[in-house]
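Everything below concerns the one structure shown next.
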Amino acid sequence: MNSAPRSDDSQAIKESDSSMGYLGADYTIKSWLLTTDHKRIGLLYMISITVFFLLGGAAASLLRLELMTPRGDVFGSPDDYNRSFTIHGVFMVFFFLIPGVPAVLGNFLVPLMIGARDLAFPRLNLMSWYIYMIGGLFTLYALVAGGVDTGWTFYTPYSTMFSNTQVIAAALGIFIVGFSSILTALNFIVTIHTMRAPGMTWLRLPLFIWANYATSLIIVLGTPVLAITIILVAVERLFKVGIFDPAYGGDPLLFQHLFWFYSHPAVYIMILPSFGVISEIVTAFARKKIFGYTFMAGALLAIAVLGFLVWGHHMFVSSQSMYAGMIFSVLSFLVAVPSGIKVFNWTATLYKGSVSFKTPMLYALGFIGLFTIGGLTGLVLSTMATDVHVHDTYFVVAHFHYIMVGGMVMAYLGGLHFWWPKITGRMYSEFWGALSALTVFIGFNLTFFPQFLLGYIGMPRRYYEYPEEYQVLNVMSTAGASVLAVGYMMPLLYLLISLKVGKIAGPNPWAASGLEWETASPPPTHNFLDTKIVTSGPYDYELQEYADSHRAVQEQGIV
Amino acid sequence: MWEFPLFPDSASTFAPKVDALYIGLVLISAAFTFAFAFFVLFFAVKYRRGSNADRSNIRDSSPLAEAIYITVPTLMGIGLFIWGAIIYFELISPPADSIEIYVTGKQWMWKAQHPEGSSEINELHVPAGKPVRLIMTSEDVIHSYFIPDFRAKQDVLPGRYTTMWFHPTKVGRFRLFCTEYCGTEHSRMGGWVTVMEPSAYEAWLEGSSETNGLAAEGEALFRQYHCSGCHGANSTVKAPPLEGVFGGPVPLLNDPKDPQSGSKIIVADERYVRDSILRPMDEVVSGYEPLMPSFAGQIPEEDLLKLVAYIKSIGRGRAGRTLSDRGMSEGEGASSNITDFMGGASANGGTDQ
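Protein chains in written order, with my numbering: chain D, 112 to 670; chain X, 23 to 375.
Quick look at the structure:
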C-alpha cells in the first residue's frame, strides 16, 4: 500500500476530474437506471434514502411541533398524529436506518476496499435497488391511501383486527424491502469470501468490511423471520385465522416474540456498519493502527451473535415469564461488553496518535460521545426493575434515538464526508462541514437529552396529548429539533454545491491508508487499473516522524 | 409550569428502591461517559497533529488492556443485573394479604371493580399502607397500566389475566396512564389513582357500593349461565364440585383426551378458572369426562371476573357459600383477603390486618 498516489501527484490530479472515472463513463439516464456498477448503484441508493430520510424527517418535525403544547393543535385529530409517528418510524427504520450505511457506503466501498472490480453479483445488486424502490413506493401508497396508525411495531391484535388503516399495504412494502436487504447482504457475503485481492487475508480486512460482513450475516438470518411475521399478520387480518388475536384462539405475545426476534438484531443491522465507518475515520485522522484489531473484529461478530439472544428485553412487562426475563436481562448486560470494547479501543487508538480535526473526525468524535450515552442508558432498560418503570416512556425514545440518530446518522454523515472526495472527486467546504457537525451534535443533545428526563418522570411514548407538567421538557426538545433540522439541511446544500465549485480532491486527500485510496477519485468503472497485491494489514499509517515531515504535503489538498 | 422535576412523586414502597437503583445506574453511566469524554478529548488535544507530545513505544494492542475491558464491565453488569433482579422479584411477588381489585381495559378506558361491588371508570381508589393486587384483562387490544408515582407498570392483554401489585405509602391523587399504544385515543386513556386513609377508604367503599359484592353477583351468574346445573351439589351430571378448589392443588390429565394418561398437579389460580370456563377441553380434571362445553364468546369479561371472584370465594379454606352474607363477623370464615375485607368493610375496619 506504499504505492498510494499522493495528492501532489499532478498526473493523479488530472485523472481525478469528475468528468472522468465511473461518473463520466456515460451521462444518459438509461446508463444510470440500468447500471451494474456498484458505485453507481450506491449513488442511486444515496439519493433514494435521502428522499425517505426527508419524508421521515418532515413527519418528525410535525410531531415535535404538535408536542410543543400539551393539547392537540397542529394535527386535527389524534389519528393524524398516530399516522405521522407511524410514517416517521416506518420510513426511518426500514427505508433509511437499515439500508443506510450498507447500501450506500457499503455498496460503494466493499469492492474498492478489498481490491475487487465489483460485487460478486452486479445485476442482483441492481435488482436489490429496484426491489427497495418498489417496497418504498408500496409504503408511500399506503401513506397516501389513508395512512397507517399502528406504529412501526405493528403490535397485534391492534394491527390485525382493530386498525382501520392500510396495514396490509404498508406491511407488504416492508415485506418487499426486506428482500432488497437480503440480496445486498448475500452479495456482500459472497464478495467478501471470494473476491478479495491477492494477499488480502481475513485479518488484513479493514474493520469496515468486517462490520458489513457481520451485518450481512444478521440480515440473512433475521430478515426472513420478519417476512414470515408480516405474512402471518396479513393472513390473520385478511382471513380471520387465529394466530395473534385471542378472540380467534391466537396469542398476542407470539407476535412480539417474532417481531423482536428480527427487530432487536435489526438494531445491530443499523449500528454495526457505523462501527466500521468510525474505525476507518478514527484511524485515518489519528494516523495510527486501530488499537486491538482482532478484538475489534471479534467484538463485531460477538455482537452479531449475542444480538439474536436478547429480544425478550423488549418484553419485561408483557407478561413474559419472569425466568425468561432474567435470562434476557443478563444476556443484555453481556451484549454491552463487546460494545464497550469498541469504545475503549477507539479511545486507545487516539493515544499517541497525530490527531487532526477535519469534518469526518468531528462527526466520529460526536458519534463516540452519543453512542456511549445511548449504550449506557441501555443499562437502565436491561435492568428489569428500572425497565418496569421506564418501559414505553420517552426514556426508551431517547435511548434508541441516541443509538440510531446519534449513532447511525452521525456515522453515516461522517462516512459521507470522509469518502465524498472519493465518490465525487471533489472537496466540500471544510468550514461548513465542521459547522454542520457541531450543529448536529448540539441540536441532537438538545432534542433528545430532555426526553430521558421526561421518560423518567413518566411521560408515555406515542402520546398526542400530555399532562401540563411535562411541557417544559417538551418545549426544550422541540427547540432542539429545530437546531437539528438546520444541521441536517446544511450538508444537503454544501455537498451539492461542492459538485460544482469544490476543489479537485485527488486520489487521497486525507493521506489515508486503504485500497480505496489507491485509485483515482472518482474511481474508474472497474475500480483499479491494475491488480492490487496486499502485503500488510490495514491502517498501515506511517510513523509519526514521517507524518510530521509529510504534513505540509498531506494538508495541501485539504482546505 | 417552570418546575423542573427529575423524579416523579415517590408514593409506593417500590419508588425509593427503584429510584436508588436508577441513581446507581445513572452514576455509573455518568462516570463512564465523563471518563470517555475526558480521555477522548485529552488524547485528541495532547496528540493533536504537530504537538510535541512523546509518541515513542506505540503499541497496536494489549491483551492485558483488552482483558480489563472485558472483565470489569462483565462483573459490573452481573452485579447490576443481580441488584435489578432482586427488586424485580419484589415487583412481581404480591404479598398474600393484598387487597384484590379487578381491572378491565378497553379502547379507551379503564374499569376497576372492587370485590365489594364498587366499580369505577378511569379512577382507582386504594387505601394507603396496604398492598394492592390488580388482576387485569383487556377486552380488545393490548393496553398497559402505568402509575409513574408508584414505579409500577404491567401490560394488560386480551384473553388472559395479568397481575401487578403495589403498596401505596402516600395519600393523594396520582396519574394513571395507558403505555401500550392502543389506537386513536391512546393518549387520553388514563385517569387517576386516589390513595386514601384506610378509614376514608372504608367509607368510600360503603358509599359507592351499588351491589352486594362481586362474589355475590358471581353466584347469581353461576346460576344464570347454568353452571350450577352440573357443578351444583344435587347435579346428576358428573362434574367436579368447585368448593375448595381455588388456591389448592388440582390433578389434571396429562392428555386431556385420554383418561389413562396419568395426571399432573397444578395450583388453581385465576388463569385456571378462566381457562376452564372458556377452554374446558384443554385441562381436564383427573377422573372426569371432558363433557363441559366452551363458554368462549358467551360470557363478557366483566361477568367472567365476577364468576372468578365467586369461585375464589368458595375456594380453599373458605367457609362455604356464606360470602354473600355481608354480616359475617370477625374470625368466621377464612383467611381469604376478600373475606377479611368483606368483614372489614361491614364492621368498619374491624378485621383490618
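Where a beta carbon is used, it is the ideal one built from N, C-alpha and C, also for glycine.
Going by C-alpha to C-alpha distance, which of the options sits closest to residue i?
{"i": "L294 of chain D", "options": "D:Y266, D:W240, D:I320", "result": "D:W240"}
{"i": "Y505 of chain D", "options": "D:K400, D:L564, D:G217, D:S327", "result": "D:L564"}
{"i": "L235 of chain D", "options": "D:F299, D:T197, D:T276", "result": "D:F299"}
{"i": "Y332 of chain X", "options": "X:V215, X:E311, X:R195, X:F268", "result": "X:F268"}
{"i": "A118 of chain X", "options": "X:H189, X:F65, X:M314, X:E228", "result": "X:H189"}
{"i": "V597 of chain D", "options": "D:W531, D:G217, D:F559, D:I553", "result": "D:I553"}
{"i": "P281 of chain X", "options": "X:E265, X:L300, X:E305, X:P271", "result": "X:E305"}
{"i": "A89 of chain X", "options": "D:S465, D:L487, D:I452", "result": "D:I452"}
{"i": "H512 of chain D", "options": "D:I382, D:I245, D:V259, D:T458", "result": "D:I382"}
{"i": "N276 of chain X", "options": "X:S250, X:R293, X:M303, X:P263", "result": "X:M303"}
{"i": "F103 of chain X", "options": "X:L86, X:H147, X:S283, X:Y44", "result": "X:Y44"}
{"i": "P149 of chain X", "options": "X:E122, X:V163, X:W130", "result": "X:E122"}
{"i": "T126 of chain X", "options": "X:M211, X:T216, X:V67", "result": "X:M211"}
{"i": "Q562 of chain D", "options": "D:L584, D:Y574, D:Y577, D:Y575", "result": "D:L584"}
For residue i, which three-state DSSP category applies?
{"i": "K175 of chain X", "result": "strand"}
{"i": "A150 of chain X", "result": "coil"}
{"i": "V67 of chain X", "result": "helix"}
{"i": "V289 of chain X", "result": "strand"}
{"i": "I121 of chain X", "result": "strand"}
{"i": "R195 of chain X", "result": "strand"}
{"i": "W130 of chain X", "result": "coil"}
{"i": "H248 of chain X", "result": "coil"}
{"i": "W263 of chain D", "result": "coil"}
{"i": "T344 of chain X", "result": "For T344 of chain X, the predicted structure reports a pLDDT of 35, less than 50, and the residue's modelled location is therefore unreliable. The matter cannot be settled from this model."}
{"i": "T96 of chain X", "result": "helix"}
{"i": "G372 of chain X", "result": "Unreliable positioning characterises G372 of chain X in this predicted model, as indicated by a pLDDT of 35, which lies under 50. A coordinate reading is not provided."}
{"i": "G353 of chain X", "result": "In this predicted model, G353 of chain X has a pLDDT of only 38, less than 50, meaning its place in the structure is not dependable enough to derive any value."}
{"i": "L274 of chain X", "result": "strand"}
{"i": "S239 of chain D", "result": "helix"}
{"i": "I169 of chain X", "result": "strand"}
{"i": "V466 of chain D", "result": "strand"}
Taking C-beta pairs closer than 8 angstroms, name the residues in chain D that residue i reaches, listed in chain order.
{"i": "S83 of chain X", "result": "F402, G403, Y404, T405, F406"}
{"i": "Y44 of chain X", "result": "V491, T497, H500, Y567"}
So with CB distances below 7 angstroms, who are the chain X contacts of residue i?
{"i": "G544 of chain D", "result": "Result: empty, since nearest Cβ-Cβ is about 17 angstroms, beyond 7 angstroms."}
{"i": "M437 of chain D", "result": "A107"}
{"i": "G518 of chain D", "result": "Near G518 of chain D there are no residues of chain X at all, since even the closest Cβ is about 14 angstroms away, more than 7 angstroms."}
{"i": "F370 of chain D", "result": "None at all; the shortest Cβ gap to chain X is about 13 angstroms."}
{"i": "P363 of chain D", "result": "I164, L179, P180"}
{"i": "G480 of chain D", "result": "A59"}
So, residue i versus residue j, is the Cβ gap smaller than 8 angstroms?
{"i": "L595 of chain D", "j": "A548 of chain D", "result": "no"}
{"i": "V645 of chain D", "j": "P309 of chain D", "result": "yes"}
{"i": "D362 of chain D", "j": "F355 of chain D", "result": "yes"}
{"i": "S159 of chain D", "j": "Y269 of chain D", "result": "no"}
{"i": "G418 of chain D", "j": "H375 of chain D", "result": "yes"}
{"i": "T636 of chain D", "j": "Y156 of chain D", "result": "no"}
{"i": "I114 of chain X", "j": "M519 of chain D", "result": "no"}
{"i": "I534 of chain D", "j": "F219 of chain D", "result": "yes"}
{"i": "I169 of chain X", "j": "L198 of chain X", "result": "yes"}
{"i": "K469 of chain D", "j": "E541 of chain D", "result": "yes"}
{"i": "S274 of chain D", "j": "T264 of chain D", "result": "no"}
{"i": "L49 of chain X", "j": "Q135 of chain X", "result": "no"}
{"i": "V428 of chain D", "j": "K39 of chain X", "result": "no"}
{"i": "H502 of chain D", "j": "G485 of chain D", "result": "no"}
Name the chain D residues that come within less than 9 angstroms of residue i, Cβ to Cβ?
{"i": "F268 of chain X", "result": "Correct list: empty, because the minimum Cβ distance to chain D is about 21 angstroms."}
{"i": "A66 of chain X", "result": "A397, L461, G464, V466, F468, M472, L476"}
What in chain X is Cβ-close to residue i, meaning under 8 angstroms?
{"i": "S467 of chain D", "result": "R70, R71"}
{"i": "R573 of chain D", "result": "Y203, H208, S209"}
At 7 angstroms on the CB atoms, spell out the chain D contacts of residue i, in chain order.
{"i": "Y91 of chain X", "result": "G451, I452, F455"}
From the DSSP secondary-structure annotation, give me the bridge partner or partners of residue i.
{"i": "F188 of chain X", "result": "X:V154"}
{"i": "C20 of chain X", "result": "No statement about residue 20 of chain X is possible, as the shown extent of chain X runs from 23 to 375 and does not include it."}
{"i": "R537 of chain D", "result": "D:I615"}
{"i": "W214 of chain X", "result": "X:E145, X:R197"}
{"i": "T159 of chain X", "result": "X:T126"}
{"i": "P571 of chain D", "result": "D:T504"}
So residue i contacts chain X; which residues on that side make the cut at Cβ distance below 9 angstroms?
{"i": "M587 of chain D", "result": "Within 9 angstroms Cβ-Cβ: nothing; M587 of chain D doesn't reach chain X, min ~10 angstroms."}
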